[in-house]
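Participant: Before I ask anything, here is the structure I am working with.
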Amino acid sequence: MGLFNVLALLLVVTAVLSYVNYAYIKLPKTLGLMLISLVFSMSLAALDLLGLEFIPEMARNAVGAIDFSEAILKIVLCFLLFAGALHINLNAFFEQRWAIGVLSTVSVCISAAIIGVGAYFLFPLFGFEIPFVACFLFGALISPTDPIAVLALLKHSKMPDDSIRMKIAGESLLNDGAGIVLFLVFFGVFMGTATFSVDYVLTTLLRESFGGIIYGLAIGWIAFQFIKRVDNYHIEILMSLALVAGGYALANLLHVSGPLAIVTAGLFIGNHGRNFGMSDETRAHLDLFWEVIDDMLNAALFVLVGLQALLLNVKLGYILAGLSAIPLVLSARFLSVWAASVLTGVVKKFSEHAVLILTWGGLRGGVSFALALALPHGEVRDALIIITYVVVIFSIVQGLSMGTLLKFLRV
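When you number the sequence shown by the working numbering, it's gap-free, plus one each residue, and the end is 1309.
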C-alpha cells in the first residue's frame, strides 16, 4: 500500500472516529479517539478468530507502513509543540519559571532514576530480565509528561488554579527536551557507542538544552524580522511553517534539542512577535490556522497510537509488567514533583494540592511510545514497547478522572 493511500486511510479513519466520539461517546477528543481506536484495533484483531484474517492483515499492513517513531519525533512533534507554545502567556510563564524549570529538568532526572532502579528489580518477577542500562532507558522515555496529551487535557479540564495549569503546561512543553536528551545518553551507552559518566551526561544535557534554547531564540528573532516587514497573513503563516519545519531540521543537524528550540521560538513569536509584528487580521488567521493544525495532528496521532495495538508482540508477562509499572511510574512522578516543590519552595511555594494534581495530570502519550519504538529490535524492545504502551493507555484513566479528582480536592 502506497504512502498516499495509507495517509488517506488514516485521515478517513480519524474523521469517522472523531464523528463517532463527538456524536455518541462525547469524551474529550484526544482521549476519546485513543480509546475508540484501541477498541477498534482489538475488534479487528478479533476477526482472526472468525476466520476473516485478511481484514486485520490489511489493517496491519496499512499501520505498519507508517514509521510511527519517525512520524512523531521528526514530523508531528515540532508542529504540535509550536502550536502549544504559541498560546502560552509569557508573563504567566515567567511567574512560574522556577517551578517549570525544576519540574522539566531535575524532576525528570529524579523520576528516571527511581523508575530505572525500580524496573530493574520489578521486571524479573514476570519471567524476563532487562539490562540495567535498558531499565534507565525506560525511565528516561516514560518520565517526561507528553505535551500533546497534557495540553489536550487542559483544554477540557475546569482547573481554576492558573498557577497549577501553567506549571502543567509549561513543564510538558519543556521536559520533552530533558527526557529525549536523557534517552539519547542511555541509548548511546546501551548501544556501546558511548561510556556513561557524569561529565558525559552533563555535557550532553548542557549542549542539547541550552543550545536548543539559544538556537530557538535566534530562529524566532530571525523569523520575527521577516514577519514584521510583511502585512499579508498568507505569507506570515507560511513563514511560521518554515520556522517550525526548517528550524527543527537544522536543530537536528546542529545536535541541539529540536523540541526546546521550537518551544522557545513559539514562545517568542506567540508573545513578542504577536504583539509587535502582526496586525489584528494576521493574529486572528494565525491563531485559527495553528488551532486547526493542532486539532488535526492531535486527532491523527491518538488514532495512530490506538491502532498500534495491531502491531504489538503481546506476551502475558509484558502486560503484567506494564500493569505493575503504572504504580511505579506514578510513585516516581509523585516523589519527583514533591522534590521540585521542596527545591522551589524557598522562592515560591506550590499551592495546596499542587503536587497531587501535577502527579495525576502528568499524562504519557505518543512521544514515550515513539521513543520505545526507536530501540533496536530484540527482546528488550518488545518488552519495553508493551510496557510503555500499557502505561500510555492508562493515561486515558488519568485524563478522564481529572475532573473527579478536582471535585474531590475542591480545587
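Here a beta-carbon is modelled for each residue, glycine too, at the ideal position from N, C-alpha and C.
Excluding the 5 residues preceding and the 5 following T1102 in the sequence, name in chain order all residues of the same chain whose CB lies nearer than 8 Å to its CB.
Facilitator: Against the sequence shown, residue 1102 aligns to sequence position 204. These residues qualify, in order along the chain: V1079, L1082 and V1083.
Participant: Of the residues F1026, F977, I1135 and D1060, which one's Cα is nearest the Cα of I1255?
Facilitator: Position 357 of the sequence shown, counting from 1, holds the residue named residue 1255. When only C-alpha atoms are compared, the closest one is D1060.
Participant: Out of I1120, A1207 and T1003, which one is the CA nearest neighbour of T1286?
Facilitator: Mapped onto the sequence shown, residue 1286 falls at position 388. The shortest Cα separation from T1286 among I1120, A1207 and T1003 belongs to A1207.
Participant: K1065: buried (16+ other C-beta within 10 angstroms of its C-beta) or exposed?
Facilitator: Residue mapping note: residue 1065 aligns to position 167 of the sequence shown, counting from 1. Label assigned to K1065: buried.
Participant: What does a CB cutoff of less than 7 Å around T1180 pick up in its chain, not counting 5 residues either side in sequence?
Facilitator: Position 282 of the sequence shown, counted from the start, is the residue given in the question as residue 1180. Answer for T1180: Y1131 and E1134, listed in chain order.
Participant: Taking C-alpha atoms, which residue in S1002, S1041, W1119 and V1099 lies nearest to L1071?
Facilitator: The count along the sequence shown starts at 1 and reaches residue 1071 at position 173. Nearest C-alpha to L1071: S1002.
Participant: For a test of the three-state rule: what should DSSP assign to I1160, helix, strand or coil?
Facilitator: Position 262 of the sequence shown, counted from the first residue, corresponds to residue 1160. Three-state DSSP puts I1160 in a helix.
Participant: Just curious, the alpha helix (DSSP H) that E968 is in, first and last residue?
Facilitator: Residue 968 sits at position 70 when you count from the first residue of the sequence shown. F966 to A969 is the span of the alpha helix (DSSP H), which, as asked, contains E968.
Participant: Which first and last residues belong to the alpha helix (DSSP H) in which F1124 is found?
Facilitator: Within the sequence shown, residue 1124 is the residue found at index 226, counting from 1. DSSP places F1124 inside the alpha helix (DSSP H), whose first and last residues are V1096 to I1125.
Participant: Is the Cβ-Cβ distance between R1231 and G1263 less than 8 Å?
Facilitator: Start at 1 with the first residue of the sequence shown, and residue 1231 comes out as number 333. Start at 1 with the first residue of the sequence shown, and residue 1263 comes out as number 365. Cβ distance not < 8 Å, so R1231 and G1263 don't count as in contact.
Participant: Between G1312 and A1038, which are expected to be in contact by the criterion C-beta below 8 Å, what is the C-beta distance as a whole number of angstroms?
Facilitator: Nothing about residue 1312 can be read from this structure; the chain reaches only from 899 to 1309.
Participant: Does the count of Cβ pairs from the segment 940-956 and the segment 1192-1203 closer than 8 Å reach three?
Facilitator: no
Participant: Leaving aside the five residues before and after S1177 along the sequence, list all residues of the same chain whose C-beta is less than 7 Å from its C-beta, in chain order.
Facilitator: Numbered from its first residue, the sequence shown carries residue 1177 at position 279. Hits under 7 Å: D1129.
Participant: How many whole angstroms separate the CB atoms of A1272 and S967, which I take to be in contact at a CB cut-off of 8 Å?
Facilitator: Stepping through the sequence shown from its first residue, residue 1272 is reached at position 374. Stepping through the sequence shown from its first residue, residue 967 is reached at position 69. Right, the Cβ-Cβ distance comes to about 5 Å (below 8 Å), so this counts as a contact.
Participant: Suppose only complete runs of 4+ residues qualify. What are the alpha helix (DSSP H) ranges in the segment 1208-1267, listed by chain order?
Facilitator: Taken in chain order, the whole alpha helix (DSSP H) runs of length 4 or more contained in the segment 1208-1267 are 1214-1242 and 1252-1258.
Participant: Return the Cβ separation of L1209 and V961 in integer angstroms, given the expectation that the two are a contact with Cβ distance under 8 Å.
Facilitator: Translated into positions along the sequence shown, residue 1209 becomes position 311. Translated into positions along the sequence shown, residue 961 becomes position 63. With 8 Å as the limit, L1209 and V961 qualify as a contact, their Cβ atoms being about 6 Å apart.
Participant: Taking 8 Å as the CB-CB limit, is L1115 close to chain C?
Facilitator: Among the protein chains of the structure shown there is no chain C, as only one such chain exists.
Participant: Taking one C-beta from the segment 928-935 and one from the segment 1217-1226 each time, how about it: are there three or more such pairs within less than 8 Å?
Facilitator: no
Participant: Take V1212 and list the residues in its own chain whose beta-carbon comes closer than 7 Å to its own, dropping the five residues that flank it on each side.
Facilitator: Position 314 of the sequence shown holds residue 1212. Listed in chain order, the non-local C-beta contacts of V1212 below 7 Å within the same chain comprise I1284, local neighbours out to five positions each way being set aside.
Participant: Are the segment 1155-1163 and the segment 1103-1119 in contact at 8 Å, needing three or more beta carbon pairs?
Facilitator: yes
Participant: Classify S1155 as helix, strand or coil using the three-state DSSP reduction.
Facilitator: Working through the sequence shown from its first residue, we reach residue 1155 at position 257. Correct three-state label for S1155: coil.
Participant: Should L915 be labelled buried (16 or more other beta-carbon atoms within 10 Å of its own) or exposed?
Facilitator: Indexing the sequence shown from 1 puts residue 915 at position 17. So L915 counts as buried.
Participant: Give me the Cα-Cα distance between F1248 and E955, rounded to the nearest whole angstrom.
Facilitator: The residue labelled residue 1248 in the question sits at position 350 within the sequence shown. The residue labelled residue 955 in the question sits at position 57 within the sequence shown. Rounded to the nearest angstrom, the two C-alpha atoms are 51 Å apart.
Participant: Using C-beta distances below 6 Å, list every residue in its chain close to L1282, excluding the 5 sequence neighbours before and after it, in chain order.
Facilitator: As a first step, residue 1282 is located in the sequence shown; it is residue number 384 there, counting from the start. Within the same chain, L1282 has close Cβ partners F1036 and A1270.
Participant: If you run the structure through DSSP and keep just helix, strand and coil, what is H1170?
Facilitator: As a first step, residue 1170 is located in the sequence shown; it is residue number 272 there, counting from the start. H1170 falls in the helix class under three-state DSSP.
Participant: Judging by CA-CA distance, which residue of L1303, F1292 and G1276 is the nearest neighbour of I1028?
Facilitator: Here residue 1028 corresponds to residue number 130 of the sequence shown, with the count starting at 1. Answer by Cα proximity: G1276.
Participant: With DSSP as the reference, label D1178 as helix, strand or coil.
Facilitator: Taking the sequence shown and counting its residues from 1, the one referred to as residue 1178 is at position 280. Look at D1178 here: in three-state DSSP terms it is helix.
Participant: Near L1307, what residues of its chain come up, given a Cβ to Cβ distance below 8 Å and the 5 sequence neighbours on each side ignored?
Facilitator: If you number the sequence shown from 1, residue 1307 lands on position 409. Result list for L1307: H1251, L1254 and I1255, in chain order.
Participant: With hydrogens ignored, establish whether the beta-carbon of V1203 is closer than 7 Å to any heavy atom of the ligand SAH.
Facilitator: Among the components modelled here there is no ligand, and therefore nothing to report on the ligand SAH.
Participant: Would you tell me roughly how many angstroms separate the C-alpha atoms of V1190 and L975, rounded to the nearest one?
Facilitator: In the sequence shown, the residue the question calls residue 1190 occupies position 292. In the sequence shown, the residue the question calls residue 975 occupies position 77. Straight through space, the alpha carbons of L975 and V1190 are spaced by roughly 15 Å.
Participant: For the segment 909-924 and the segment 981-992, state whether three or more C-beta atom pairs, one from each stretch, are separated by less than 8 Å.
Facilitator: The segment 909-924 is not in contact with the segment 981-992.
Participant: What does the alpha-carbon distance come out to for the pair V1004 and D1044?
Facilitator: In the sequence shown, residue 1004 corresponds to position 106, counting from 1. In the sequence shown, residue 1044 corresponds to position 146, counting from 1. Those two C-alpha atoms are separated by around 17 Å.
Participant: Pick out whichever of L1100, A1143 and R958 has its Cα sitting closest to the Cα of D946.
Facilitator: By 1-based counting over the sequence shown, the position of residue 946 is 48. Nearest option by C-alpha distance: R958.
Participant: May I ask which residues mark the beginning and end of the alpha helix (DSSP H) holding I973?
Facilitator: Translated into positions along the sequence shown, residue 973 becomes position 75. Element bounds for I973: n/a, residue is neither H nor E.
Participant: Going by C-alpha distance, which of M1089, D1185 and F980 is nearest A1140?
Facilitator: Your numbering for residue 1140 matches position 242 in the sequence shown. If we check each option's Cα against that of A1140, F980 comes out closest.
Participant: Between Y1146, G1175 and L1023, which has its C-alpha nearest Q1123's C-alpha?
Facilitator: Here residue 1123 corresponds to residue number 225 of the sequence shown, with the count starting at 1. Comparing Cα-Cα distances from Q1123 to each of Y1146, G1175 and L1023, the minimum goes to G1175.
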